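Just below is one structure, and these are the notes that go with it.
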Amino acid sequence: MNSETDHHLPLHRWDVTPQQAIELQKQLASQVVREGKLVDVHRIAGVDVSFNPRLPESPVHAVVVVLEYPSLDVGERRSVSEVVNFPYVPGLLSFREAPPILKAIAQLEKRPDLLLVDGQGYAHPRHLGIASHLGLLLDLPAIGCAKSILVGHPAGNLGEQAGSKTDLLWKNRVIGQVVRTRDRVQPLYVSVGHRLDLESAVDWVLRCGRGYRLPEPTRQAHLFSNQVRRAML
Numbered sequence: 001m002n003s004e005t006d007h008h009l010p011l012h013r014w015d016v017t018p019q020q021a022i023e024l025q026k027q028l029a030s031q032v033v034r035e036g037k038l039v040d041v042h043r044i045a046g047v048d049v050s051f052n053p054r055l056p057e058s059p060v061h062a063v064v065v066v067l068e069y070p071s072l073d074v075g076e077r078r079s080v081s082e083v084v085n086f087p088y089v090p091g092l093l094s095f096r097e098a099p100p101i102l103k104a105i106a107q108l109e110k111r112p113d114l115l116l117v118d119g120q121g122y123a124h125p126r127h128l129g130i131a132s133h134l135g136l137l138l139d140l141p142a143i144g145c146a147k148s149i150l151v152g153h154p155a156g157n158l159g160e161q162a163g164s165k166t167d168l169l170w171k172n173r174v175i176g177q178v179v180r181t182r183d184r185v186q187p188l189y190v191s192v193g194h195r196l197d198l199e200s201a202v203d204w205v206l207r208c209g210r211g212y213r214l215p216e217p218t219r220q221a222h223l224f225s226n227q228v229r230r231a232m233l
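Final position of the sequence shown in full-length UniProt numbering is 233; the numbers increase by one with none missing.
What follows is the structure in structure tokens.
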């Protein structure tokens, strides 16, 4: 395990029931930092997990892909495939996927400066989606960049052009932003993970675009996780 990247905090055990997981989320949410700006960014990590939904007992394939910034060229790629015991429960994704993701990140040669996660951050029923959970455990700035809404609704109409955005509201509070990353393509749902504010989170998602719906770090992670999964068939 690389000492430069082995920074995750032993905040809790992973062998918990779904109800215990919910209580842990409630406790940990208060530790998440939802403010801050990033200045010195050279390495941006994207994480993703793939699995066969028809075979729930098959391994999950967790990957991390690190891109150099600002070139967005792929630097490191690491993967971990393992069987997980925690069930697939909406809102409790991190208790299923975070352990193998953390193992993959621990294999990196150098610690990333920013983490982009295919999932929710603050835009979560208990404000501790997988992006916030990972950011807190790793003490890294993190952004939730989800393809669908878990809770909330758009505050207004969204323009068709890339860069258009509107607030994501839940219980009369802003929990994220709906962001169009490509002209006339379905938007993404961006929320703070940890250690930066919402404006910065949206800005970094747009900075990491290369003309696709997904920002390049999570797009490359998605491609790599599917590659790993197919290789295991």
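Glycine residues also receive a C-beta, built at the ideal position from the N, C-alpha and C atoms.
Owing to the predicted nature of the structure, the values given are computational and were not obtained by experimental measurement.
Between which two residues does the alpha helix (DSSP H) containing residue i stretch?
{"i": "residue 234", "result": "Residue 234 cannot be examined here, being either before or after the span of the chain that is shown, 1 to 233."}
{"i": "ALA231", "result": "216 to 231"}
{"i": "GLU97", "result": "94 to 106"}
Going by C-alpha to C-alpha distance, which of the options sits closest to residue i?
{"i": "LEU188", "options": "ALA221, ALA201 and LEU196", "result": "ALA201"}
{"i": "SER132", "options": "LEU93, ALA104 and GLY156", "result": "LEU93"}
{"i": "HIS124", "options": "ARG111, GLY36, ILE149 and ALA104", "result": "ILE149"}
{"i": "VAL179", "options": "ARG173, ASP167 and ASN172", "result": "ASP167"}
{"i": "residue 239", "options": "GLY46, TRP204 and GLN186", "result": "Lying before the first or after the last residue shown, residue 239 is absent from the chain, which here runs from 1 to 233."}
{"i": "GLU216", "options": "VAL80, ARG34, ILE44 and SER58", "result": "ILE44"}
{"i": "SER71", "options": "VAL41, SER79 and GLU57", "result": "VAL41"}
{"i": "LEU115", "options": "LEU24, SER191 and GLN31", "result": "SER191"}
{"i": "ASP197", "options": "PHE224, LEU214, ILE175 and VAL185", "result": "ILE175"}
{"i": "ASP183", "options": "LYS165, GLY119 and ARG78", "result": "LYS165"}
Within 10 Å of its beta-carbon, does residue i have 16 or more other beta-carbons around it, so buried, or fewer, so exposed?
{"i": "LEU128", "result": "buried"}
{"i": "TYR69", "result": "buried"}
{"i": "residue 234", "result": "Residue 234 lies beyond the stretch modelled for the chain, which goes from 1 to 233, so this question has no answer here."}
{"i": "TYR88", "result": "exposed"}
{"i": "LEU55", "result": "exposed"}
{"i": "ARG195", "result": "buried"}
{"i": "LEU233", "result": "exposed"}
For residue i versus residue j, is the C-beta spacing smaller than 7 Å?
{"i": "GLU82", "j": "VAL66", "result": "no"}
{"i": "ALA221", "j": "ASP48", "result": "yes"}
{"i": "GLY193", "j": "GLY144", "result": "yes"}
{"i": "PRO18", "j": "VAL60", "result": "no"}
{"i": "GLY135", "j": "ALA142", "result": "yes"}
{"i": "ALA21", "j": "VAL64", "result": "no"}
Can you tell me where the beta strand (DSSP E) with residue i in it begins and where it stops?
{"i": "ASP48", "result": "43 to 50"}
{"i": "THR181", "result": "Note, THR181: premise wrong, no beta strand (DSSP E); not H, not E."}
{"i": "HIS194", "result": "188 to 194"}
Determine, using beta carbons only, whether residue i comes closer than 7 Å to chain C.
{"i": "HIS12", "result": "Looking at the structure shown, chain C is missing, and only one protein chain is on hand."}
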